[in-house]
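Residue numbers (the working numbering), protein chains in the order written: chain E, 1 to 160; chain Y, 1 to 116.
Backbone N, C-alpha and C fix where the C-beta goes; we use that ideal spot for every residue, glycine too.
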Amino acid sequence: MKFKEGIKEKNIIIKCGADTFLPFSLMFALYVILTAPVGGGFQGGVLGAAAVLLLYLGYGYDVTKNSINPEILRINEACATTIYALLGFAGLVFGANFCRNVFYANGWLTGFVHDGTIGLMDYAVGYNVMTGVGFLLILMLGFLAPVEEAKKAEKKEDEK
Amino acid sequence: MKRILTLLALGAILVCGIYAVSYAFENIPDAYDEHLDVVALEENPTEYDVTGADGVADIIVAQNLERTGAENNVAAVVFDFRGFDTLGESFILITSVVGSFVILSKVKKEEKEDAA
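Dropping the structure here:
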C-alpha cells in the first residue's frame, strides 16, 4: 500500500533516474537493432519497449498514455508485420522460395543493404517487437490506472 | 512413510544422474572432426557417418554463408531458412496485441459504466 502511494507521489529519485536512463536505453536499443547482421531485432525491440516502463515509473500512467499514443503503436505494429511478409515475398518474386535472401552483392542497392533482405527483415522485426511490446505494456499498466481513477472519484464524492 | 518414499526417489534419481554423468564423461567426442567427406554426404546423405564431433554441422556452417549470401550464420538461419518461424513469431505478437486490446478495452468500458 505504501509502495503504491510512493509511485503516486512520483518520488524525485525515481524521476531523475528515469530522466537519466531513458535516452541511453533508447540509444542502446537502436544500436542493438541497427547492427543487423548479428540478428538482434527481437532483443533490441524489447529494450526499446522498456522505455514505456521507465516513463511509467517516473511520471505515472497519465503522462505515459499522453506522451505515447497506443493507437499509433497498434497501427505501426500491423505495418511492421506487413513489411516483414512483403520482404519474405520478395524471394518468391525473384525466383526462389519464401524468405530467401535476395538483393545481396549483385550490384543493386549493395551499398545500402549489404546483407540483402536479411538485414531489412531484422529491422522489420525490431520495429514490430518495439511497437507491439510497448503497446502491450501500456495496456497492462492500464490495469493499475482504474484503481487511481476510483480513488479520485471517491475523493470527489467525499468533497461533494 | 511419505518422507522415506521421497528420499528413496531422490536417491534413485541421484544414482541415475551420477551414472549418466560418468558415462558421458567417458565418451567425450573429439574437439573437431577433420575427416569430413563433403562429396559422400551430398551423394548419399542418409548413410553418411555423422557420429563425429560436429557431424553435419561443420558442413552446414561452412556452406550457409555461400548459399544465402548473408554475413552472419545466425541471421542466415533465423531470417532465411527459418523465415516462416520468425513470421509466426510476429503473428504471435500481433494476436496477443489484438486479443488484449479487445479484452482489456471491454473491461475498462464496463467499469466506466458501473461508475456512471
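Look at Y:Tyr23 here: in three-state DSSP terms it is helix. With a threshold of 9 Å between beta carbons, E:Tyr104 makes contact with chain Y. According to the DSSP assignment, E:Gly88 belongs to the alpha helix (DSSP H) that extends over 70-93.
Residue contact with chain E for Y:Phe25: absent (no Cβ-Cβ distance below 9 Å to any residue of chain E). Interface residue (Cβ-Cβ distance to chain Y less than 9 Å): E:Cys99 is classified as such. The alpha-carbon separation between E:Leu87 and E:Ile118 amounts to approximately 9 Å. Less than 9 Å divides the Cβ of E:Phe89 from the Cβ of E:Phe98.
CA-to-CA, the gap between Y:Val78 and Y:Val61 works out to about 13 Å. Nearest C-alpha to E:Thr131 among E:Pro70, E:Tyr56, E:Lys65, E:Val63: E:Pro70. A Cβ-Cβ separation of about 3 Å places E:Ala18 in contact with E:Gly58 under the 8 Å criterion. The C-beta separation of E:Ala124 from E:Ala80 comes to about 5 Å, placing the pair in contact by the 8 Å criterion. From the listed residues E:Gly116, E:Gly142, E:Ser67, the smallest Cα separation to E:Gly91 is found for E:Gly116. The closest CA to that of E:Lys65, considering only E:Lys156, E:Lys155, E:Glu154, E:Leu139, is found on E:Leu139. The straight-line gap separating the alpha-carbon atoms of E:Ile68 and Y:Asn72 is approximately 35 Å. 9 Å or more divides the Cβ of E:Tyr56 from the Cβ of E:Leu136. In this structure, Y:Asp80 sits near E:Asn101, with a CB-CB distance shorter than 9 Å. Under the Cβ criterion of 9 Å, E:Gly60 is not counted among the residues facing chain Y.
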